[in-house]
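Below: one structure, written as structure tokens.
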Amino acid sequence: MLLKPKAKNARAKRFLVNRDPKIVENGKTALFVRGSTTSQVILDTLKDLYSLRKPDAINFTKKNEIHPFDSETSIEFFARKNDSSLFAVGMHSKKRPHNLVLGRTFNYNILDMIELGVERCTTMQQFKAQTCAIGMKPLMIFNGEAFNQNEDLVRLKSILLDFFRGEAADKVSLKGLEYVITVTAGPAGANGETGLVFFRTYTTTLKKSGTRQPRVELEEMGPSLDLRVRRVRQPTEDMWKQAIKMPRELKVVKTKNISRDGLGDKYGRIHVGKQEINKIQTRKVKALKKHLDDKPSKKQKTSNDMADSD
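The opening residue of the sequence shown carries number 1 in the UniProt record's numbering; numbering runs sequentially from there.
Set out below in structure tokens:
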């Protein structure tokens, strides 16, 4: 473990302050680590995932003796040294060919991770489509009920969302959605095993549709991956509670009599006291004067006078 260093000058102090916990955290950095033995499939996969994650990513090109499920010290050392909370490790062995491990850290300790087998990989270079710009936020789509029912796929969905979400943004321009990531859960095996997971990436093209909203066309950009879930490490209860804990400053103060529906529309309830209509001032309005109903009209006066004269 690395001890927290002391700042020797103002520049080092600013660097250490930037690493300290904040109410609104910085964008997460991802590490892409190459294991001691790798295959070309794993190298291509790490390269393409790294290109999607740039610029908030660090790529390790040299070989590293690292096995996250067996020993956590190496990953935690790299996470602390590079101030990163996401990692992807690529390895290859006879027992686990084309092995890809995705995971997260909290307070520089491993929070959770999932081991995936890359059964097929089609790289970006093999597609002739135009690639997206660096630093763009993707639109992520998860297809299949298994992402809400299967514990392993629920964990995979959570890690992938964290991996590609980038910095938090209140608003996103329609032209800024340059690519789409779709993750589809295949059918389960005969013994109830988790099926294949199909990871696809598409670029978007906005074209005229004759209406205010443009017509969106998708073209596959790559990488195109067929993944098989192997091992999953779930987070401990205590660490998970600390990781999802929200600061008091970010908690929304509940306002009485105000609610929102599923679409985000705001509704308010107003409590009005008892209305005493008889006491409302209406004299300034001629048509609402009280004594008008009591006084006889002009026609009634003339008819009454003629009757008296007779």
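C-beta: ideal position from N, C-alpha, C; glycine also.
Since we're looking at a predicted model, the values are computed, not measured.
Query                                                                                                                   : Result
Same chain, Cβ closer than 6 Å to residue 6, five either side skipped, listed in chain order                            : none
Reduced DSSP secondary structure (H/G/I, E/B, other) of residue 224                                                     : strand
Range of the contiguous alpha helix (DSSP H) that encloses residue 42                                                   : 40-53
Alpha carbon of residue 166 to alpha carbon of residue 193, nearest angstrom                                            : 32 Å
Rounded separation between residue 180 and residue 201 - CA only                                                        : 6 Å
Local conformation of residue 112 per DSSP, three classes                                                               : strand
CA nearest to the CA of residue 91, picked from 33, 145, 210                                                            : 33
Cβ contact check for the region 115-132 and the region 222-229: 3 or more pairs under 8 Å                               : yes
Pick from 175, 220, 199 that is closest to residue 207, judged by C-alpha positions                                     : 175
For residue 91, three-class secondary structure by DSSP                                                                 : strand
Every unbroken alpha helix (DSSP H) within the region 113-188, with a cutoff of 4 residues, ordered by chain            : 146-149, 151-164
Close-in-space but distant-in-sequence residues of the same chain around residue 247 (CB under 7 Å, 5 per side omitted) : 23
C-alpha distance - residue 97 paired with residue 259, whole-angstrom precision                                         : 52 Å
Where residue 65 falls: helix, strand or coil (DSSP)                                                                    : coil
Proximity of residue 121 and residue 45 at Cβ, strictly below 9 Å                                                       : yes
Cβ-based burial, residue 187 [other Cβ within 10 Å; buried from 16]                                                     : exposed
For residue 254, the first and last residue of its enclosing alpha helix (DSSP H)                                       : Run containing residue 254: none; DSSP gives neither H nor E here.
Cβ neighbour criterion (16 or more within 10 Å) applied to residue 20                                                   : exposed
Under 9 Å between C-beta atoms of residue 65 and residue 35                                                             : yes
Alpha-carbon spacing of residue 245 relative to residue 210, whole angstroms                                            : 47 Å
Cβ-Cβ distance between residue 239 and residue 106 below 9 Å                                                            : yes
Residue 5 (DSSP reduced to helix, strand or coil)                                                                       : coil
Whole-angstrom distance between residue 267 and residue 123, CA atom to CA atom                                         : 49 Å
Alpha-carbon spacing of residue 10 relative to residue 18, whole angstroms                                              : 12 Å
Minimum C-alpha distance to residue 141 - residue among 271, 13, 198, 261                                               : 198
Contact set for residue 249: own chain, Cβ-Cβ below 8 Å, skip 5 residues either direction                               : 23
Among 128, 263, 47, 82, the one whose alpha carbon lies nearest that of residue 29                                      : 82
Cβ pair residue 147, residue 102 closer than 9 Å                                                                        : no
Where the beta strand (DSSP E) containing residue 200 begins and where it ends                                          : 197-207
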